[in-house]
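Here is the structure we will look at.
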Amino acid sequence: MIFGHLPAGYITSKLLFKKFEARTSFYKAFMFWGMLGAIAPDVDLFYYYMIDVYKHSHHTYLTHFPFFWLTLLLLSVLWLLLSKNRDQNPAFAFIFAINGLIHMFLDTFTGNIFWLAPFLNTPFSFVSLDLEYNSWGLNYFTHWAFLLELFIILWAVFLRFRKS
Ligand SMILES: [Zn+2]
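Residue numbering for the sequence shown follows this note's numbering, beginning at 242 and increasing consecutively.
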């Protein structure tokens, strides 16, 4: 997934903010950490282009292992449980990690994700990755998974402008 990650991070963070209001009244910081987590896995694209030079799919890097994000999420939950109610940092860690994990889930709609890595190197995708057209753009924009991406974007826009 390309365009849906940031709006997905916006949606999750906005919907979960109420749950953490007692810890942090700092809405913008909470949203910042959430949206950063939503796109953080793709920082590996820099490594892919600059150092690995297209040798391996960036989905084979640690930053795209669901196990990595699940570990961060569990650690953040542990931190939440052990910390005082007034401490806002564990809330930021939690929203960052959960959005990273959602990124893994969303990427599974548009490509292969190694859900059991590093234990088993089996790629998995919700969609068949047979390409119908020769052009990457046509394949991407005509795939039904792109509707999911559009839906996420529209949902985020709706939440942003909804009168509450
Ligand atoms: Zn990704």
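C-beta: ideal position from N, C-alpha, C; glycine also.
Bear in mind the structure is a predicted one, so any value in this text is a computation, not a measurement.
Please state if the CB of Asp285 and the CB of Thr304 are separated by a distance shorter than 8 Å. yes
Given this structure, state the Cα-to-Cα distance separating Phe258 from Gly278, to the nearest angstrom. In a straight line, the C-alpha of Phe258 is about 15 Å away from that of Gly278.
Count the other CB atoms within 10 Å of the CB of Glu262; is the residue buried (16 or more) or exposed (fewer)? exposed
Nearest-angstrom Cα distance between Ile393 and Asp293? 31 Å
Looking only at C-alpha atoms, which of Pro359, Pro331, Phe360 sits nearest to Lys260? Looking only at Pro359, Pro331, Phe360, the smallest Cα-Cα distance to Lys260 is reached by Pro331.
Pro282: beta carbon under 7 Å from a heavy atom of ligand 1? yes
Given 7 Å as the limit, tell me if His344 has its C-beta closer than that to any heavy atom belonging to ligand 1. yes
Inter-residue Cα distance where the pair is Arg379 and Ser266: Reading off the sequence shown, one finds Leu at residue 379, where the question assumed Arg. Approximately 44 Å between the Cα atoms of the pair.
What does the alpha-carbon distance come out to for the pair Tyr290 and Ser369? 26 Å
Using three-state DSSP, classify Ile252 as helix, strand or coil. Helix.
Heavy atom of ligand 1 less than 7 Å from the Cβ of His305, yes or no? yes
Considering only their Cβ atoms, is the gap separating Leu347 from Trp310 smaller than 8 Å? No, Cβ-Cβ distance for Trp310 and Leu347 is not below 8 Å.
Going straight from the alpha carbon of Pro307 to that of Trp356, what length do you get? 6 Å
Can you determine whether any heavy atom of ligand 1 sits closer than 7 Å to the C-beta of Asp293, and answer yes or no? no
Count the other CB atoms, across all protein chains shown, that sit within 10 Å of the CB of Ile243; report buried if there are 16 or more and exposed otherwise. exposed
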